[in-house]
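Shown next, in structure tokens, is the structure this report addresses.
In this note's numbering, the protein residues as written are 274 to 433.
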């Protein structure tokens, strides 16, 4: 069983006393008050510099916001165009699938024979549609992610 030994009392030395005095500002001295005021005026000057920069940034952001609105509108139009392209691709596939089903029931067609050039073109077209869709998806997700991040930052900020 270990016994805890009491720590010896801390003796106040000149160094400890000086450190304690440094922690507590000297209030009654005129020279100290002058030093405080100079330091505080420097702080205020830095804050004013910050505020000036921030006001410039806000003006820039407002201009860019107008550009972003136009870009967002264009992205929406691209989304509509992409949706139409996907719908058109689906229609082509459905039409060809229907033609294959008819061929299997009714007869012979050069265009629908296995290994035909038309089907090879469909393979290439589908691969291109797939790549285009993936590219659009990544771009859209990036936009939404950044938008959500900005929205959270702006709505969470607590103005002083």
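A virtual CB, placed ideally from N, CA and C, is assigned to each residue, including glycine.
Quick one: Cα of residue 368 to Cα of residue 394, how far?
-> 15 angstroms
At a cut of 8 angstroms, does the segment 354-372 reach the segment 405-422 through at least three beta carbon pairs?
-> yes
Could you have a look at residue 451 and say whether DSSP puts it in helix, strand or coil?
-> Absent from the structure is residue 451, since the part of the chain shown begins at 274 and ends at 433.
Extent of the continuous alpha helix (DSSP H) to which residue 256 belongs | Residue 256 falls outside the range modelled here, since the chain spans only 274 to 433, and no answer is possible.
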